[in-house]
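Notes for the one structure printed next.
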Amino acid sequence: MAADLVTRTVGTLPRTTPASPGPGKVPEAPRNTRPRRWGAALWALPPVLALGLFFLYPLALVVRQSLQPDTGGTSLRPYADIFASEAFRHALWTTVWLASASTAGCLVLGFLLALVIAFVPFPGAKAVARFIDVYLSFPSFLITLALLFVYGTTGIVGSFQFLTTPWGVLLAEVTYFTPFVMRPLLAAFGQLDTAQLEAAGSLGARAPRIVRQVILPEALPALAAGGSLVLVLCLNEFGIVLFTGAKGVTTLPMLVYSKAILESDYPGACAVAVVNVLISVGLYGLYRVVSRRAGA
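Each residue of the sequence shown is one higher than the one before, starting from 43 at the first, in our numbering.
In structure tokens, the structure reads:
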């Protein structure tokens, strides 16, 4: 009797069956994303350790040294001495105006040269474009050394001693950094739809108008990228200023060299270096914000 009662009760209960995956479908097994996360973390660990060991740790040592004056202890005295010195203010102003003027010159000259290479047919245009890539690998002091044979004291026009002036440093920086603007511009011009140029020409637009209204808007992101790169590089340029031997041209990197090597003022040198790094990182962050808002 009891067995019959249990059988009848179970038979009246609603039966639930698992949902069918449908024709042609394989039921999915529950995913476990934890092993994948651990695997990604293990792959990321070596580069993070290398970055911390070879970059962040030395940078931390520089910051620590900038907070330890020669009198002992830990204080902001090296920064106070640096900001109060006339040499630092002069070096900061020289660095800013040289970097800004060099960037402006590179943008103008690089844009004009890239236009000629990309849109003016002449023999050897592709070879010149490839040479730009090779030129980027040249060290800055090599270009300055070459300019010494022209503008140096024993060069072709050495009697003017042009290269030992701030304008000589400006010329050397524009000469060296212009290809850094041309490279992204040539890449942008290579992706430009030539149908737009042909349509503008068929409508009677002259070359300056085509450049201003068709080519320049397409080149603005590349100009922003190349210009920001040149600005940061010029702010930290050391070899060109050193090899020109320009009198009275002391930039922030040169001030770091002078305090560390000539004066043995390591806290002061580290303080100037930290300020230089902060300026560079701040400019890069500003560029990222502007480019993101512009959709570059």
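Even glycine gets a Cβ: it sits at the ideal position worked out from N, Cα and C.
Problem set entry | Integer-rounded CB distance, given that residue 268 should sit under 8 angstroms from residue 152 | 7 angstroms
Exercise. For residue 143, which residues from the same chain have a beta carbon less than 8 angstroms from its beta carbon, with the 5 sequence-adjacent residues on both sides left out?
Worked result: Same-chain partners within the cutoff: 212.
Exercise. Any idea what DSSP makes of residue 101, helix, strand or coil?
Worked result: Here residue 101 sits in helix by DSSP.
For this session: If I'm right that residue 108 touches residue 309 with Cβ under 8 angstroms, what's the distance once you round it to whole angstroms?
Result: 6 angstroms
Problem set entry | First through last residue of the alpha helix (DSSP H) which encompasses residue 215 | In the DSSP assignment, residue 215 falls within the alpha helix (DSSP H) that extends over 208-232.
Problem set entry | Segment limits, alpha helix (DSSP H) that includes residue 244 | In the DSSP annotation of this structure, the continuous segment of the alpha helix (DSSP H) that includes residue 244 starts and ends at 236-244.
Exercise. How many Å lie between residue 84 and residue 105 at the Cα?
Worked result: 30 angstroms
Exercise. By Cβ distance, which residues of its chain are closer than 6 angstroms to residue 234, with the 5 residues on each side in sequence left out?
Worked result: So the list reads 260, once near-sequence residues are dropped.
For this session: Grab the span of the alpha helix (DSSP H) containing residue 173 for me, first residue to last.
Result: Segment 167-177, the alpha helix (DSSP H) holding residue 173.
For this session: Determine the DSSP secondary structure at residue 109, reduced to helix, strand or coil.
Result: coil
Exercise. Mapping DSSP to helix, strand and coil, what is residue 186?
Worked result: helix
Exercise. Is it right to say residue 307 is buried, meaning 16 or more other beta carbons lie within 10 angstroms of its own, or is it exposed?
Worked result: Buried: at least 16 other Cβ atoms inside 10 Å.
For this session: Using 10 angstroms around the beta-carbon of residue 254, count the other beta-carbons present and answer buried if the total reaches 16, otherwise exposed.
Result: Residue 254 is exposed by the Cβ-count criterion.
Exercise. Start and end of the alpha helix (DSSP H) containing residue 305?
Worked result: Premise fails: residue 305 is in no alpha helix (DSSP H) and is neither H nor E.
Problem set entry | Helix, strand or coil at residue 330 [DSSP, three-state] | The answer is helix: DSSP assigns residue 330 an H, G or I state.
Exercise. For residue 94, which three-state DSSP category applies?
Worked result: helix
Exercise. Rounded to a whole number of angstroms, what is the C-alpha to C-alpha distance between residue 226 and residue 116?
Worked result: Taking the straight line joining both Cα atoms gives about 46 angstroms.
Problem set entry | Spatial neighbours of residue 313 in its chain, beta-carbon cut-off 6 angstroms, leaving aside the 5 residues before and after | Closer than 6 angstroms at Cβ, skipping near neighbours: 108, 120, 121, 124.
For this session: Go through its chain and collect everything with a Cβ distance to residue 145's Cβ below 7 angstroms, but skip five positions before and after it.
Result: 269, 272, 273, 276
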